[in-house]
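Chemist: Here the protein sequences come in this chain order: A and B.
The first sequence maps to residues 35 to 133 in my numbering.
The second sequence maps to residues 2 to 166 in my numbering.
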Amino acid sequence: MMLNQFLFLGAFLFCAGVYGVVARRNGVLVLMSVELMLNAVSLNFVAFSAHLNDVAGQVFALFVIAIAAAEVGVGLAIVLLIYRNRVSINLDELDTLKG
Amino acid sequence: MTVPDVAFGIIAAAMVLATIGVVTVRNVVHAALYLVIVLAGVAAQYILLTAEFVAWVQVLIYIGAIIVLFLFGIMLTRAPMSNDPDLDNPPGVRLPALVVAIFLLGVLASLLGDAFGKTELEGITPTTTATVGDAIFQNYVIPFEVVSMLLLAALIGAVVIAKRD
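As structure tokens, then:
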């Protein structure tokens, strides 16, 4: 196996996540795209852990997973609050701060 | 072509298709189910990289917990279950997003090809759960404790934000 095949896969996941964050309008779907980006980073961590024979990459992949769990918890709470206040989670309608 | 290479190819192809599904499909529940395929594929890649503890944590936390949270979020925000053109931004936003994503992919791919083009992953020594545990509780015990504080803060924060007052 080449190291690059995993890195290319990670790069693709990350770019798809970037596209999703910008192109999606629904708050839940934007959070899903963020998950794609976090997974791309974890995949890179584990690939380099195998390449360098160092377990640190796996440890940090575990930290990324824990932080992703916290992020989704808080993010979905925010999305629910927005839904409760505005009866819509279309992110482009949240323009109260626009001058 | 060795067996891991073939396995990588099949899983990666499924992951690429499912990833495109996550960011383009017009149904929130289908997007969540495509996300399950992507996350399971990442777990399978971890197994190929002999990181089995991370792979099972990925299955337990992502597929077991985070997807369920997403499905709850979809349910509680009453997302329409049929095709919904409202899920995406108008094409005036989608097209620049696509250009940015493809440009980023090109930059990353050329950089990675330049830097690691010939790096072979050979002779991976399989890591056991004991090795990972030792590393966490010896070298990385302070980040580990910080993560526990972060999870506590996120727990309290989520309760406070979502509380009906």
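Beta carbons: idealized from backbone N, C-alpha and C, even for Gly.
Using three-state DSSP, classify A/M36 as helix, strand or coil.
Modeler: Three-state result, A/M36: strand.
Chemist: DSSP puts B/E121 in a beta bridge; with which residues?
Modeler: A/M36
Chemist: Is the shortest distance between the beta-carbon of B/I64 and the beta-carbons of chain A less than 9 Å?
Modeler: no
Chemist: Less than 6 Å between C-beta atoms, sequence neighbours within five positions excluded: which residues of the same chain meet that for B/A80?
Modeler: V29
Chemist: Going along the chain, which residues of its own chain have a beta-carbon closer than 6 Å to the beta-carbon of A/I71, five neighbours each way excluded?
Modeler: Note on identity: in this sequence residue 71 of chain A is Met, with Ile being the wrong assignment. For A/M71, where only same-chain residues beyond five positions count, the Cβ hits under 6 Å are F48, G51.
Chemist: Along the alpha helix (DSSP H) that carries A/E69, what are the first and last residues, could you check?
Modeler: For A/E69, the enclosing alpha helix (DSSP H) starts and ends at 61-86.
Chemist: Between A/Q60 and chain B, is any beta-carbon pair separated by less than 9 Å?
Modeler: First, the amino acid is wrong: residue 60 of chain A is Asn here, not Gln. At least one chain B Cβ lies under 9 Å of A/N60.
Chemist: Going by DSSP in three states, B/D85 sits in which element: helix, strand or coil?
Modeler: coil
Chemist: Would you mind telling me which residues of chain B sit closer than 8 Å to A/N38, beta carbon to beta carbon, in chain order?
Modeler: Counting only Cβ-Cβ distances below 8 Å, A/N38 has contacts in chain B at L113, G114, F117, G118, T120, in chain order.
Chemist: Which residues in chain A have a C-beta closer than 7 Å to the C-beta of B/Q59? List them in chain order.
Modeler: I99
Chemist: Show which residues of chain B have a CB atom less than 9 Å away from the CB atom of A/M35.
Modeler: T3, P5, D6, F9, L49, L50, E121, L122, E123, I125
Chemist: Going by C-alpha to C-alpha distance, which of A/A57, A/L37, A/M36 sits closest to B/G93?
Modeler: A/A57
Chemist: When you compare the CB of A/L128 with every CB in chain B, is at least one pair closer than 9 Å?
Modeler: no
Chemist: Please confirm if B/N140 has its CB atom under 9 Å from at least one CB of chain A.
Modeler: yes
Chemist: Check distances from the C-beta atoms of the segment 79-90 of chain B to those of chain A and list, in chain order, the residues that come in under 9 Å.
Modeler: R79, A80, D85, D87, L88, D89, N90
Chemist: With DSSP as the reference, please indicate the residues paired to B/A52 in a beta bridge.
Modeler: B/T128
Chemist: If you run the structure through DSSP and keep just helix, strand and coil, what is B/R165?
Modeler: coil
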